[in-house]
Amino acid sequence: MSNGPLPKRVDPRKLAEREVRIAGEADLNGMPNLCQTIVGEKGVVNVELQFAVDEQRIRTITGSASGHVFMTCQRCLDPVEVAVEAEFNLGVVASEEAAKQLPRSYDPLIVEDEEIELLPVIEEELILSLPHDAYHDDCTVKTSFGEAEAVADDTDKPNPFSVLAKLKASNK
Ligand SMILES: [Zn+2]
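Numbering (the working numbering), first residue to last: 1479 to 1650.
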């Protein structure tokens, strides 16, 4: 799927009235808060958003953002690829007060002006969808072979270097 970039600013109420569907790529480099959590090369996520008005006349934005990012593996501290799958289920409201009236099935999106910046909205959902800690699936294997020194100090296993030293000694 190859789409152009998403529009930077949108008028969610107008788009809802017209039941507009937009799809495009959101650049992760434009998301400073998310960039504090992720590491390495930052690409794009594919975003699809449907603007609509529901039967209670609530303007809604539903859709998804998907892609992948890199986070620091909390076991070996190397980057680990994390799949991103964020779901949007937003109800557009004008104030905090109106947000409290919103049915619970919607997350409130407070839009005081006509237009909003789209990227921060996507950024927030992406941050919420990311795991708190990321680990490699095969990290145990990786550390026991690749970073023997790192695991040696917190396990009862003999240090491979001292085993090696003994072998060398017994060969003499
Ligand atoms: Zn790891």
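The C-beta atom is built at its ideal place from N, Cα and C for all residues, glycine as well.
Closer than 7 Å to some heavy atom of ligand 1: that does not describe the Cβ of Y1584.
Of D1611, H1614, C1617 and V1599, the smallest CA-CA separation from N1511 is found for V1599. For the 8 Å CB-CB criterion, V1517 and P1485 do not form a contact. If you draw a straight line from the Cα of V1523 to the Cα of G1541, it is about 13 Å long.
T1618 sits exposed, since fewer than 16 C-beta atoms from the chains shown fall within 10 Å of its C-beta.
Put simply, the segment 1537-1554 does not touch the segment 1572-1581. Fewer than three CB pairs are less than 8 Å apart.
The three-state secondary structure of S1573, taken from DSSP, is coil. Here T1515 carries a coil assignment [DSSP, helix/strand/coil]. DSSP assignment within the segment 1533-1587 yields the following whole alpha helix (DSSP H) runs of 4 residues or more, N-terminal first: 1574-1579. Secondary structure at P1483: strand, using DSSP grouped into helix, strand and coil. Annotated three-state conformation of L1506 is helix, per DSSP. Taking the Cβ atoms as the reference, N1567 lies roughly 6 Å from D1585, within the contact range of under 8 Å. Distances taken from the Cβ of V1517 to the heavy atoms of ligand 1 include none shorter than 7 Å.
Taking G1502 as the centre and dropping the five residues before and after it, the same chain places the C-beta of N1481, G1482, P1483, L1484 and V1525 closer than 7 Å to its C-beta, in chain order. Residue list for ligand 1: C1551, R1553, C1554, H1614 and C1617 (CB closer than 5 Å to any heavy atom, chain order).
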